[in-house]
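Chemist: Please read through the structure below; I'll follow up with questions.
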Amino acid sequence: MTTTAVRATAAYAAMTASHEVADYWGQRDAEAVAKGRHGWEGRAACARHVASYTAAQALALYAADRTLRLGLDWRRAALALAVSAGTHYIADRSGGRWRENGPSTALVRFARRTGHTGWLERDPGAGPLLDQAWHKGWIAVAAVVAGGGK
C-alpha cells in the first residue's frame, strides 16, 4: 500500500519537474513577453501559458500515478492542478512588472509589503527568483493535496 507521504512526494517530483519544462521550454516567447501586460492582451497570454503549463503538469502527474502505481484520487489530483494553475496565473501576471513603483499586481504588492522593495529595486533577478519561489511553494501545497486522502 502506498502511503500519503509517498504519494505526495511523488506528486511533488512530477509537478516540479513538469513545472520546469513547461515554464521554460513550453512557454512561447510571445506569451512570456505579453503575460504581464495590462488589459485583455496580458490576461489572455497568461491564460494560454497557464493552460499549457497545467496540461504538462497533468500529464506528468498521470504518468507518475500510472507508472508508480500511486493510486491518486482523480478529484484530489484535479484540485491540486487547479491550485497550481491558479497560483501560477497570479504570479505570472507580474511578468515584467516586478520593478514597478506604482500600482502593480497583487504579488508585487505583497513582495513590497513583506520587505522586498529594496531587493526588487537593486537586483533585476529578484523578481524572477520570488516568482519561482512562489511557484514551488504552491506546488508543494498542491502535491500534498494530490497525495492526500485514502
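Note that the working numbering numbers the sequence shown so that position 108 is 92, with each residue one more than the last. Built from N, CA and C at the ideal position, the CB exists for glycine as well.
1. Ends of the alpha helix (DSSP H) at K19?
2. Taking DSSP as the reference, what is the three-state secondary structure of E84?
3. With 16 as the cutoff for other CB atoms within 10 Å, does W82 come out buried or exposed?
4. Which residues in the same chain as E25 place their Cβ atom closer than 6 angstroms to its Cβ, once the five residues preceding and following it in sequence are excluded?
5. Taking one C-beta from the segment 49 to 69 and one from the segment 5 to 19 each time, how about it: are there three or more such pairs within less than 8 angstroms?
6. Cα separation between G102 and L91?
7. Going by the beta-carbon positions, is the gap between T(-13) and G132 smaller than 7 angstroms?
8. Between which two residues does the alpha helix (DSSP H) containing P135 stretch?
9. Which word fits A127, buried or exposed, when buried means at least 16 other C-beta atoms lie within 10 angstroms of its C-beta?
10. In terms of residue numbering, what span does the alpha helix (DSSP H) encompassing W24 cover?
11. Sort L114, T0, V129, H33 by Cα distance to F11 and report the nearest one.
12. According to DSSP, is G70 part of a helix, a strand, or is it coil?
Modeler: The relevant details are as follows:
1. Looking at the DSSP string, K19 is not in any alpha helix (DSSP H), and its letter there is neither H nor E.
2. coil
3. buried
4. A18
5. no
6. 16 angstroms
7. no
8. One cannot answer for residue 135 here, as it falls past the ends of the chain, which runs -15 to 134.
9. buried
10. 23 to 52
11. The amino acid at residue 11 is misidentified as Phe; the sequence shows Gln. Ranking the options by Cα distance to Q11, first place goes to H33.
12. helix
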